[in-house]
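Order-wise, the sequence lines are chains Z and E. The opening position of the first sequence corresponds to residue 4 in our numbering, with each subsequent residue numbered one higher. The opening position of the second sequence corresponds to residue 3 in our numbering, with each subsequent residue numbered one higher. Here is the structure we will look at.
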Amino acid sequence: MRYLSLLGQYSLQYAKVRMEHRADFFISVATMTLATVFGLAVVFLIFGGNRPVPGWTFAELLFLYGYSLLPMALFNVISVNLYQFADGYLIQGKFDRVLLRPVNSLFQILFEQLRVEALGDAVLGLFVMMSVAPRIDVPLGAAQILFLIVAVFCGALLYTAIFVMLATVSFWFEDKVGVMPPVYNLIAFGRYPLDIYNGFLRVLLSWIVPFAFASFYPAALILRGDRYLLHAALLPVVTIVFCGLALRVWEQGVRNYGSTGS
Amino acid sequence: MPALIDVADLVKDFRGFKRQPGIAGAIRNLFAREYTYTRAVDHISFQIPSSEMVGYIGPNGAGKSTTIKMLTGILMPTSGSIVSNGFEPFGQRTRYTRTIGVVFGQRTQLWWDIPVVESFRLLQNIYDVSDADYKARMKRFDEVLEIERYLNTPVRKLSLGERMRCDVAAALLHNPPILFLDEPTIGLDIVAKEHIREFLKQINQQYGTTMLLTTHDLADIEHLCRRLMVIDRGKLLFDGPLAELKRRLWRENAVKFDLKDREAADRLEHTDIPFVTAERAGELTVRLRFPRETHSTAEVIRRVVTTVDVSDIAIEGQSIDDVVKEIYTTNTLVDKV
């Protein structure tokens, strides 16, 4: 409860900061929207026309892609500080201030800066899903929608857990480490049907960095039902395991925190 | 009554690695690192009773900040124990930090981009301070620190002096029983320094707030603290009253004489008073140094004025800075409590 009210406070303050730099905000909205539209254009270019993916219609591919934008958008709202964690917090010593507050340190890192404009992608994703829904031969009832809502939150949590673990790496290696960009690029693979990849990528995306759980499996359950039932059922388990792991790794990192010289 | 802060045998080691120069070296660093361990804090023990104001001094890199960071729960001690206000700072951090205030002179604890008052509002929420308390305390802070005028300015636009006043006020918004200050007066002008000292003194008297402050300005210590701890190379060299430190190390006094003419100055320069060393400080000026044990200042002056024509006298005593410099340079273990 206290954390919820703090979250409100944080977002309010952050909104004020963003208001101070309005141009920055609008540029950010524009670039994010543009990036997503380009991504969508790529789907049209590659899979549109007469080059279908075996076993998947073009409408289904768009449905998968549209859905993948939802958990990603939620994650992007809170991801800013994770990307700049090593630089902004550890090297500059801003993490001291975080530790001095009687609030969970990870909570502060995740919610100190909220990039609300990231939700624009979610709107776009929903729009794509709704436009192709009539061309897909599946019922979208209350049960399905409820499942998708839960799955979106699980997916966002999964992304957060993975990137928290990557950010934590910087507690041990003071140098800026470039592990995040390659993993970030891996997310894109989870947007397309998993069966177009070879075995190695499938295992990687399912069980090592489980981005397929965040986006492909839940959407595929809606489209294919039974075939992906097991994976969809495992989604909450995978989410809980990765979140638990992330928290443990984070705690270990904080124990290893060395602060700066002065 | 048990001490409010109890530190026993505290040690902190930092792990670093030898950086090899050049690109080949950088690659070697990546795979085979030679780790080196530096001991920043070396078996330190002390107790601080409630309401005491303690000064913590030492040269750069002595381990002051590292000690403060362990006491505030930022760093995990390598070994040893800390019990502060009933908590183990690192292990019980979120509950413990509710009961302390921390000021870092080098770095602000406020949010950089938002107006000061918004930072205060956030802190009010974080520490669950009631509206009534908030108003009363802000009024009190304004009386001494005069922060009202720039409450609506973003922190990044404040001068150092203004920012420090806000930082001190922010650290006390929840009226913590313990306040840690790491170089709170660094870089401040004399007026701002006095404001902050006066404020800290009042807070200590009114609320009995226990304070531990590190500083390079010994005037801070003389104004605020009766007790002083000196640390160097991670070891506690002295722990006791300031007066005691002076008594032990203040070995020498000095008096500067301005003479009427050159001849008198020449004569005084070659004085025959035993154990007194003379040095020429100007054409007509001579400084005499003498040990405190053998000579009183009054006696030296009497002997000089009865033998030569003196126009002016200045008593120079050893400054506390000199005393401390002596500890730092000789690194002698003065007293281990």
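Heads up, the beta-carbon is just placed ideally off N, CA and C, and yes, glycines get one too.
Nonlocal neighbours in the same chain, by C-beta distance under 7 Å from residue i, ignoring five residues either side
| i | result |
| --- | --- |
| E:Y209 | N177 |
| Z:L122 | A76, V80 |
| Z:W253 | L109, V167, T171 |
| E:E328 | L251 |
| Z:G51 | F61 |
| E:D169 | V105, T110, Q111, L112 |
Where residue i falls: helix, strand or coil (DSSP)
| i | result |
| --- | --- |
| E:Y37 | strand |
| E:Q49 | strand |
| Z:I190 | helix |
| E:R228 | coil |
| E:G65 | coil |
| E:A5 | coil |
| E:L251 | helix |
| E:R17 | strand |
| E:D263 | coil |
| E:M213 | strand |
| E:I233 | strand |
| E:V339 | With a pLDDT of 40 at E:V339, under the threshold of 50, the modelled position of that residue is not reliable, and the figure given next carries that caveat. In this structure, E:V339 counts as coil in the three-state DSSP scheme. |
| Z:F150 | helix |
Neighbour list for residue i in chain Z, Cβ cutoff strictly below 8 Å
| i | result |
| --- | --- |
| E:Y330 | Simply none; closest approach about 18 Å. |
| E:Y129 | P105 |
| E:D115 | V20, E23 |
| E:F16 | G261 |
| E:T80 | Chain Z residues near E:T80: none, gap ~11 Å exceeds 8 Å. |
| E:E120 | Q16, K19 |
Chain Z contact residues for residue i, given Cβ-Cβ distances below 7 Å
| i | result |
| --- | --- |
| E:K71 | S262 |
| E:F240 | By Cβ distance, chain Z contributes nothing, its closest Cβ being about 23 Å from E:F240, past 7 Å. |
| E:T99 | L103, R104, P105 |
| E:L124 | Q12, Q16 |
| E:V104 | L103 |
Closer than 9 Å at the beta carbon, the chain E residues around residue i
| i | result |
| --- | --- |
| Z:N107 | T96 |
| Z:R258 | M78, F92 |
| Z:D140 | Those within 9 Å of Z:D140 in chain E number zero; the least Cβ separation is about 51 Å. |
Residues that residue i contacts on chain E, provided the C-beta gap is smaller than 7 Å
| i | result |
| --- | --- |
| Z:L102 | G75, I76, R95 |
| Z:G96 | R109 |
| Z:D27 | In chain order: nothing, as chain E lies at least about 11 Å away. |
| Z:D90 | Residues of chain E passing the Cβ test: none, with the nearest at roughly 15 Å. |
Proximal residues to residue i (C-beta, below 8 Å), its chain only, five neighbours per side dropped
| i | result |
| --- | --- |
| Z:F156 | P74, L77 |
| E:T287 | K258, F259, D260, L261, A267 |
| E:R95 | G75 |
| E:M72 | L12, K14, V43, M78, P79, I84, P91, F92 |
Close Cβ partners of residue i (< 6 Å) along its chain, the five nearest in sequence each way excluded
| i | result |
| --- | --- |
| E:K338 | Note that E:K338 scores a pLDDT of 42, beneath 50, so its modelled location is shaky and nothing firm can be said. |
| Z:S265 | Residue placement at Z:S265 cannot be trusted, given a pLDDT of 48 that sits under 50; what the coordinates show is reported in the next sentence. Same-chain partners within the cutoff: there are none. |
| Z:T39 | D124, L127 |
| Z:V135 | A62, L65, F66 |
| E:R100 | none |
Best match in the options for proximity to residue i [C-alpha to C-alpha]
| i | options | result |
| --- | --- | --- |
| E:G63 | E:R30, E:I180, E:V13, E:D234 | E:D234 |
| Z:L238 | Z:Q116, Z:A215, Z:G181, Z:Q111 | Z:A215 |
| E:Y58 | E:D268, E:I223, E:D260 | E:I223 |
| E:L244 | E:M55, E:V257, E:D311, E:H197 | E:M55 |
| E:E271 | E:T309, E:N127, E:P117 | E:T309 |
| E:K66 | E:T155, E:T216, E:E265 | E:T216 |
| E:L162 | E:M72, E:I192, E:V146, E:R269 | E:I192 |
| E:I116 | Z:L117, Z:A236, Z:L37, Z:E23 | Z:E23 |
| Z:C246 | Z:L224, Z:Y231, Z:P213 | Z:P213 |
| E:F292 | E:V302, E:G284, E:E285 | E:V302 |
| Z:N259 | Z:F98, Z:D229, Z:A33, Z:W59 | Z:F98 |
| Z:Q87 | Z:V106, Z:Q116, Z:Y70, Z:N107 | Z:Q116 |
| E:T296 | E:V312, E:T279, E:G284 | E:T279 |
| E:Q49 | E:D311, E:T212, E:V307 | E:T212 |
| Z:L226 | Z:A164, Z:F174, Z:M132 | Z:M132 |
| E:I180 | E:D323, E:A26, E:I205, E:D169 | E:I205 |
| E:F89 | E:I188, E:D8, E:R294 | E:D8 |
| E:D324 | E:I275, E:L247, E:P276 | E:L247 |
| E:L239 | E:S132, E:L112, E:V326 | E:V326 |
| Z:Q95 | Z:I211, Z:S173, Z:I199 | Z:S173 |
| E:A283 | E:Y98, E:A316, E:T187 | E:A316 |
Listed by chain order, chain Z residues near residue i by CB distance under 9 Å
| i | result |
| --- | --- |
| E:F277 | Residues of chain Z passing the Cβ test: none, with the nearest at roughly 44 Å. |
Residue i: contacting residues in chain E (beta-carbon distance under 8 Å)
| i | result |
| --- | --- |
| Z:L9 | N127, I128 |
Inside the segment 166–209 of chain E only - alpha helix (DSSP H) runs reaching at least 4 residues
The qualifying runs are 192–209.
Every unbroken beta strand (DSSP E) within the segment 120–144 of chain E, with a cutoff of 3 residues, ordered by chain:
The qualifying runs do not exist here; there are none.
If you scan the segment 279–328 of chain E from start to end, which runs of the alpha helix (DSSP H) of 4 or more residues do you find wholly inside it?
Fully enclosed alpha helix (DSSP H) runs of 4 or longer: 299–307.
Start-end ranges of the beta strand (DSSP E) lying completely within the segment 206–256 of chain Z, minimum 3 residues
Counting only runs of 3 or more, we get nothing.
At 4 residues or longer, what runs of the alpha helix (DSSP H) sit wholly inside the segment 39–109 of chain Z?
With a minimum length of 4 residues, the continuous alpha helix (DSSP H) runs that stay inside the segment 39–109 of chain Z are 61–81, 83–86, 98–103.
At 4 residues or longer, and completely inside the segment 52–110 of chain E: list those alpha helix (DSSP H) runs for me, N to C.
Annotation: the segment 52–110 of chain E contains the following complete segments of the alpha helix (DSSP H) (minimum length 4 residues), in chain order: 66–73, 95–98.
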